[in-house]
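Novice:
Residue numbers (our numbering), protein chains in the order written: chain A, 46 to 495; chain B, 46 to 495.
#1: CA-CA distance, residue 373(A) and residue 172(A)?
#2: Across which residues does DSSP place residue 310(B) in a beta bridge pair?
#3: Mind the definition here: the region 194 to 204 of chain B touches the region 130 to 150 of chain B only if three or more C-beta pairs lie below 8 Å; say whether that holds.
#4: Cβ of residue 270(A) less than 8 Å from any chain B Cβ?
#5: What does DSSP give as the partner residues of residue 9(B) in its beta bridges?
#6: Please confirm whether residue 153(B) has its beta-carbon closer than 8 Å to some beta-carbon of chain A.
#7: Is it true that the region 85 to 105 of chain A meets the region 446 to 458 of chain A, where meeting means three or more beta-carbon pairs spaced less than 8 Å apart?
#8: Could one say the Cβ of residue 131(B) lies closer than 8 Å to chain A's Cβ atoms, at least one of them?
#9: In this structure, does DSSP put residue 435(B) in helix, strand or coil?
#10: Taking only the alpha-carbon atoms, compute the straight-line gap between residue 164(A) and residue 479(A) and give it to the nearest angstrom.
#11: Among all the DSSP beta bridges, which residues are the ones paired with residue 210(B)?
#12: In or out: residue 321(B) buried (at least 16 other Cβ within 10 Å) or exposed?
#13: In the DSSP assignment, find the alpha helix (DSSP H) that holds residue 342(B) and state where it starts and stops.
#14: Do you know offhand how far residue 98(B)'s Cα is from residue 67(B)'s?
#15: For the region 357 to 367 of chain A against the region 379 to 394 of chain A, do three or more pairs of beta-carbon atoms, one drawn from each stretch, fall closer than 8 Å, so that the two count as touching?
#16: So with CB distances below 8 Å, who are the chain A contacts of residue 227(B)?
#17: Give the straight-line distance between the Cα atoms of residue 438(A) and residue 410(A), rounded to the nearest whole angstrom.
#18: Is there a Cβ from chain A that is less than 8 Å from the Cβ of residue 199(B)?
#19: Do you know how far the Cα of residue 313(A) is from the Cα of residue 71(A)?
#20: Kindly indicate which three-state DSSP category residue 96(B) falls into: helix, strand or coil?
#21: Quick one: is residue 203(B) buried, meaning 16 or more other Cβ sit within 10 Å of its Cβ, or exposed?
#22: When you compare each of 436(A), 417(A) and 486(A) to residue 454(A) by their alpha carbons, which one comes out closest?
#23: Which residues of chain B have a Cβ atom closer than 7 Å to the Cβ of residue 176(A), listed in chain order?
#24: Residue 436(B) and residue 181(B): beta carbons closer than 8 Å?
#25: Give, in chain order, every unbroken run of the alpha helix (DSSP H) that is at least 4 residues long and sits entirely within the region 177 to 221 of chain B.
#26: Please decide whether residue 219(A) counts as near chain B, where near means a Cβ-Cβ distance under 8 Å.
#27: I'd like to know whether the C-beta atoms of residue 137(A) and residue 166(A) end up nearer to each other than 8 Å.
#28: Rounded to the nearest angstrom, how far is the Cβ of residue 425(B) from that of residue 477(B), given a contact under 8 Å?
#29: Taking Cβ positions, are residue 357(B) and residue 380(B) nearer each other than 8 Å?
#30: If you draw a straight line from the C-alpha of residue 494(A) to the C-alpha of residue 230(A), how long is it?
#31: List, in order along the chain, the chain A residues whose C-beta lies closer than 8 Å to that of residue 54(B)?
#32: Do we get a CB-CB distance below 8 Å when we pair residue 433(B) with the residues of chain A?
#33: Quick one: does residue 80(B) have its CB under 8 Å from some CB of chain A?
#34: Short of 8 Å Cβ to Cβ, which residues in the region 114 to 129 of chain A face chain B?
#35: Measuring only the C-alpha atoms, how far is residue 51(A) from residue 421(A)?
#36: If we define contact as Cβ-Cβ less than 8 Å, is residue 240(B) a contact residue for chain A?
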């Protein structure tokens, strides 16, 4: 029997996930818009036989640009360029269902999937926050439940569009003068609550059928959505107990939704800070914390917690009377995670900011390569993860260190492939089926959409 | 004094602009989705020191797929991949102002401009037709004038977004912990008739400031729009007289709009069909015509002329009582061009379809390389063009033939550069200024937007 293997997803972000990473001597402060930087990262991840690259996104400029690198190359555009610089690795772009049209976005993912030979993935987000809404003619963000209802219809329409060409719609009969078979083109004729989409896509069905569908929200709405649609889930979990509970819950929700629980891969985020000794790893972590500008952190925390500016005291604790998650319209699960982290570990605001600086709520772990591999193996074997989203604190050095020092340990333990082998689609890498075409086998909706 | 030089723009389209091109033995019927095909075309055009590549677009699947290759890679996605495969050539993507959001589209063009080192161009279209409208929740296309009003506001908002970062907004002061200067970020705070866009773009200002702004509509609304915004104009002109009239009119409209008429480049489309002798060129043209499936052509012509199916007789002429252009809501200038062509040359429907098959109303010219060069030179020196949009009937062979045989003649006559020389932005290739930032020099609106 083949040993169960880890999946690894590299979450790329300009100079790294730690907010102070750009201040280190080795960091290039213009990395956010340098294609060469991202090509280097992609190639390092391919040396580490990662399954995929991952890019976050929101259609807005976040807060103050004083604090850290802001702005980025648009993810699908950047991943298209990276598709030409890589051969095997998957390319997962975040894109919003609240601020896109299904026709436009379905085209772009199908195009990237074709150009990359079946390596496209879509991290489906509903985009919290009024700032993004105000860039699209709205005064306030749509309500959380409303955003998820729109997202569900968006995915249904997108699936119809991706299925609108049968795989063999192009007959290319030169002698008869018949290029395509109109009977194998299926206009969605969709009229729903949020979208009307009449015609077929103007891109043929792509190698994967649909891009790999990824999801990252851990609210109730988010988990229900993931159980129905997602094939991979990126999640922030602070402890192995929380991660196991999340994993078990999501797998059983997926089964209850009528899907194979093996067809949803759970990939918690981890921020590894490496050192050749434990002391060196802690020192590296300390260097990063020492570069944090705490004023920025306070402002950001006040914004997340929906507190008035000036409420928080750096050396005090969070207020005891914070509202419950259910009263929050924004990033619900992030809100709860931060509040629980502060309370569980009795952190001051300063300590909390230090902990969040590394990966905004993701599991930060400083240690030797063996210790990081141990942590990964223990979560993996205890039913807390199918793999991990690696979020290096500093880039490219943190990804390079992970690939040079942790990857060999994981390979030696038989937990990670040693080479890619033949070309595969991203779905094949993650052990997921290619969706059937709903117009070819009606009554058998596509696997992800049961 | 430097000799005035031609600009050349290569309009790429799957197996070529002739509708029957895919049926030729040398054509690859799956070229529409093959990146390798487009990389080959781009490299041929770069050998010919073209200024730019050009891709058409409409967010819909056109009519029947039986007739000719349909569907395509989404243009900005494809051009991003081509940016990594080329070094000098400009990359012009068509995108609709009716079916995009300014924030999303401005990001994508800025990202392509950064990735390509300043080689992005945007062919601004308003997208005619109900089919496209029905893919975006509308029942019918917006009225022609309404589409142009929206396009004007779209460009104004996009310019604000492209200017929302000053060029030196990133200060990257590691010691002080200040990455960007918030005072050099300018949120548009735009509230208009069609769009509300509050915040700054999440992409820094790109090498060209704005992508090269191209326009292709020749209706009254289209020409007014071009005079105000466009820096290059792609137009269909059948005769040198018509082309001169158009050229003169557009330059004077541009001057009346307060802009330098030298800052709008007129690039009529030309479909060259080459042969080593005139007889061979005509034979090559005949081979293409012989591969046309005329039933398809009749249906398409009836659709353009807004006639009921079955109205037209292949061997008859167009009806005498066609409505005037002013009564048409769709592609107005194309409508008039086709009707006038048929009447001027007293063409039967069959002959008209043969003429349109090559380039849908663009100037088709069969001849030897010397004759094609003569035609180009004569239009260029008679004040009918600043350059040409080359639309090969068959691809890649037609582009290759043009570069191998016509380009050397143009170079020998001093009409075309012999090499690219140092790297330049697309604007620099076309001799156009980089727009000033409207927030840095208020009161001096950006050149393209005077």
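From the three backbone atoms N, C-alpha and C, an ideal C-beta is built for every residue, glycine too. Just so it is clear, the structure is predicted and the values come from calculations on it, not from any experiment.
Specialist: In this structure, then:
#1: 14 Å
#2: 277(B)
#3: yes
#4: no
#5: With chain B running from 46 to 495 in the structure shown, residue 9(B) is simply not present.
#6: yes
#7: yes
#8: no
#9: strand
#10: 12 Å
#11: 230(B)
#12: exposed
#13: 339 to 349
#14: 21 Å
#15: yes
#16: 109, 110 and 111
#17: 10 Å
#18: no
#19: 28 Å
#20: coil
#21: buried
#22: 417(A)
#23: 244
#24: no
#25: 189 to 207
#26: yes
#27: yes
#28: Contact flag wrong, Cβ pair sits at about 18 Å.
#29: no
#30: With a pLDDT of only 46 at residue 494(A), under 50, the local geometry of the prediction cannot be trusted, and the value read off the model is given with reservation. Residue 494(A) and residue 230(A): Cα-Cα distance of roughly 20 Å.
#31: Simply none; closest approach about 22 Å.
#32: no
#33: yes
#34: 114, 115, 116, 117, 118, 119, 121, 122, 123, 125, 126, 128 and 129
#35: 9 Å
#36: yes
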